[in-house]
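Take a look at the structure set out below.
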Amino acid sequence: MRHARRRIVRRAARLAAVGGLLLGGTMVTRAVASEPPGPSAAPHTLAQTASGAGLVARLGSDRTAGHWVGSDGRPVVAVTDESTAEAVRRAGATAKVVRHSMAELRSAASTLRAAPRVTGTAWALDYRSNEVVVRGDRTVSGSDWSRLTGVAEGIGGFVRMERTEGVFTTRLNGAEPILSTAGRCSAGFNVTDGTSDFILTAGHCGPTGSVWFGDGKADRQIGRTVAGSFPGDDFSLVEYAGGKAGDGAEVVAVGGGKGVRITGTGEPAVGQRVFRSGSTSGLRDGRVTALDATVNYPEGTVTGLIETDVCAEPGDSGGPMFSEGVALGVTSGGSGDCDKGGTTFFQPLPKAMESLGVRLIVSGQEGAAAGTSAPSAAGTSGAGASAPVTRVGGTPLLARLTDRRNVGPGLLVVAGSLVALVATRWIRTEQDRKAYRRQYSATWG
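Quick note: the sequence shown uses the numbering used here, first residue 860, plus one each step.
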C-alpha cells in the first residue's frame, strides 16, 4: 500500500513538472512575440504612430491626408480612395476615406500664408476633420477677419473659420525659471554639441547675447544666449556659464521636487497624450490636436508648430513638452489659461536641434536610481537640488513583473519545473537503488 502511494505521488509530481514546462514555454513564447525592441525603443504610442507615418510616406501626399492615434491606440490614416484604404488595412492600420489630400491641405495653408498678415490669427491642419482650421483671437478686427474669411472661401469649403476668446501671445516670463533683462522664461531641455552643454528653450525669450540668471537676485549666472531663431521658428540656445550642465542633465522638473528622466527625442502624432512642464503652472497634460500650425504673434509669424489643448500661462515659455520620457518640443505660445483652458503651441524639438547642430542629453539607463542630482536649469527640479525621478504615466514594478510581455515569470516557471522534474527522477532512482539493495541482501542472506 505504501509503495502504491509513493508511485502515485511521484507520478503526480512528474505530471505537474511537465505541465509547468508547457506553461512556462507558452509564457516565454508570448512574451518574446510581444516584447518591445529594447529599452531605447520609442514608447508604445509613438511606435504605433510611426507605422502611420511610414504608411503616409510610402503612399504619398496625393493619396493620403495625415495620420493620428485612434481611441484604441491604433494608428488611423486618412486616405482619398478605397484602393489606398485597402493597402492601409493590409498593413494593420485603420483607414478613413476623406475628400481632400494632404497636398490640397498644404496648398490651402500656403495660400493663407501668402495673404496679408493678420496679427492674432493662427491656422493648422486638422487631419481628423480633413480641414484647415483658421482661428482668430479677440484682438482681430471685424474687417481683418472678413478679409481673411474671403481668402478662405476662395480656397474651398475645407477651410474652417473659428473665433477664440483668448489672445495668441508668446508665453514670455516658465520647468525651472531663468531670468534676464528680457523677462522670465522656462528652461527646456539640455543639449550638447559634443564640446559644450546648452539649454534649448524658446527663441522669443531673448536675442543672442542675453544673459540668464537662476534667481531674482542676479547673483548666479546660468549662461548666455548664443544662437536662436525667432520669428519664423521659435528656439534658442543658452550656453552654460561653466560649459557643462552637470549631473542629472537628462531630468526635467515636473514640480514638487520631482522630475522625469528623458530617454530620447521624437515627433508627436495627432491624438497623442503629452505633458508640459513650466515654472508658472507646473505639470499639465493634454493631447496633440494638429500639426504644422502657423501662428501670427504680435512679434511675428512662426510656422511648423505643434498645436495642443494643453494649457499654459505667462512664464511657461520654453518649457519642455514630452511623452513617456520622449522629448517632443518646447513651449512657444498660445491663448487661454489653466483655469479656463486654451490652446498652446510648441516648437518641434528635432527641427530645432538639427538647425542648431546639437543633440539631446538623454538618460544612459532607463529607470536608473532615483535621487539624481539635478543641474541648475534646463527643466530641472531645482538649482543643484536632488530630484527624485518619476515616470509620468509609467508602469509600477509589480505591473511590469506580472506583464505577460515580460519573459521573467515564464523563465522562472520553466526553471522550477525542470528542477522538480530532475528532483523526482533522482528520488525515484534512489528509491529503486535502495529497493534493489534490500532485495539483493535478502536473497544473499
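A virtual CB, placed ideally from N, CA and C, is assigned to each residue, including glycine.
Residue environment, residue i, which counts as buried when at least 16 other CB atoms sit within 10 Å
| i | result |
| --- | --- |
| GLU1012 | exposed |
| ARG976 | exposed |
| THR1054 | exposed |
| LEU1215 | buried |
| ARG1079 | exposed |
| VAL915 | buried |
| ALA1228 | Confidence in ALA1228 is poor, its pLDDT being 33 and thus under 50, which makes the residue's placement unreliable; the coordinate value appears in the next sentence. It counts as exposed. |
| VAL1133 | buried |
| ALA1061 | buried |
| SER1002 | exposed |
| ALA1309 | Residue 1309 cannot be examined here, being either before or after the span of the chain that is shown, 860 to 1304. |
Cutoff 6 Å; reference residue i; Cβ partners in own chain excluding five residues on either side
| i | result |
| --- | --- |
| LEU971 | TRP982 |
| ILE1014 | ALA967 and THR970 |
| ALA944 | VAL938, ALA954 and VAL956 |
| HIS1206 | The sequence given here places Gln at residue 1206; His does not occur at that position. Excluding positions up to five away in sequence, the list reads ASP1093, PHE1094, GLY1188, VAL1189 and SER1191. |
| PRO1157 | THR978 |
Same chain, Cβ closer than 8 Å to residue i, neighbours up to 5 away in sequence not counted
| i | result |
| --- | --- |
| ALA1083 | The sequence shown places Arg at residue 1083, rather than the Ala named in the question. Around ARG1083: GLY1068, SER1069, VAL1070, TRP1071, VAL1097, GLU1098 and ALA1100. |
| ASN989 | ALA924, ALA937, VAL957, ARG958, HIS959, LEU964 and PHE1017 |
Selected residue, minimal CA-CA separation from residue i, among the options
| i | options | result |
| --- | --- | --- |
| GLU1213 | TRP1004, ALA968, ASP940 and GLY1188 | GLY1188 |
| GLY1193 | ARG997, THR1122, VAL935 and ALA1108 | ARG997 |
| ALA954 | ALA967, SER960, VAL935 and MET961 | VAL935 |
| GLU1183 | VAL992, SER1088 and VAL1113 | VAL1113 |
| SER930 | ALA1128, VAL1018, PHE1057 and CYS1064 | ALA1128 |
| GLY1163 | VAL1185, ALA1104 and PRO1090 | PRO1090 |
| ILE1081 | ASP1056, PRO1066, GLY1115 and GLY1062 | ASP1056 |
| GLU1172 | PHE1204, ALA1149, GLU1158 and PRO1157 | PHE1204 |
| ASP1144 | THR1051, LEU1277, GLY919 and THR1190 | THR1190 |
| GLU1024 | ALA912, ALA973, ALA1211 and GLY1201 | GLY1201 |
| GLY1105 | VAL1278, CYS1197, VAL1050 and ALA1211 | VAL1050 |
| TYR986 | ALA1274, LEU1150, GLU945 and GLY1001 | LEU1150 |
| THR1167 | MET1180, PRO1157, SER1176 and ASP1175 | MET1180 |
| THR1029 | ILE1037, ARG1043, SER1039 and MET1020 | ARG1043 |
| HIS1063 | SER1138, LYS1210, GLY1275 and GLY1177 | GLY1177 |
| THR1139 | CYS1197, VAL1133 and SER1095 | CYS1197 |
| SER1136 | ALA950, SER1045, GLY913 and GLY1087 | SER1045 |
| VAL1010 | GLY1275, ALA974 and LYS1199 | ALA974 |
| ILE1165 | PRO1157, ALA1211 and GLU1158 | ALA1211 |
| GLY1195 | PHE1027, ALA946 and ALA871 | PHE1027 |
C-alpha gap between residue i and residue j, whole angstroms
| i | j | result |
| --- | --- | --- |
| ALA1108 | ALA937 | 39 Å |
| THR1160 | THR1153 | 7 Å |
| GLY1141 | GLY1125 | 22 Å |
| ARG948 | VAL1217 | 38 Å |
| TRP1004 | PHE1048 | 37 Å |
| ILE1220 | LEU984 | 31 Å |
| ARG1022 | VAL991 | 14 Å |
| VAL1169 | VAL1185 | 17 Å |
| ASP1052 | ASP1092 | 20 Å |
| THR1122 | SER1222 | 5 Å |
| ILE1037 | ARG1019 | 38 Å |
| SER942 | LEU918 | 11 Å |
| LEU1208 | ASP940 | 33 Å |
| GLY1087 | ILE1058 | 11 Å |
| GLY1065 | LYS1199 | 28 Å |
| THR978 | LYS1103 | 39 Å |
| GLY1116 | VAL1085 | 29 Å |
| ALA946 | ALA871 | 53 Å |
Contact set for residue i: own chain, Cβ-Cβ below 7 Å, skip 5 residues either direction
| i | result |
| --- | --- |
| THR980 | VAL993, ARG994, GLY995, VAL999, LEU1007 and ASN1155 |
| ASP921 | SER960 and ALA962 |
| ALA912 | HIS926 |
| ALA1282 | none |
Interface flag, residue i vs chain D, CB-CB below 9 Å
| i | result |
| --- | --- |
| PRO934 | Looking at the structure shown, chain D is missing, and only one protein chain is on hand. |
Only counting runs of 3 or more residues, tell me where the beta strand (DSSP E) segments fall wholly within the segment 1091-1140, in order along the chain. 1094-1099, 1110-1114, 1117-1120 and 1132-1137
Any chance you could list the beta strand (DSSP E) runs of at least 3 consecutive residues sitting entirely within the segment 928-1004, in chain order? 934-938, 953-956, 980-985 and 990-995
What runs of the alpha helix (DSSP H), each 4 residues or longer, lie entirely inside the segment 1145-1215? 1208-1215
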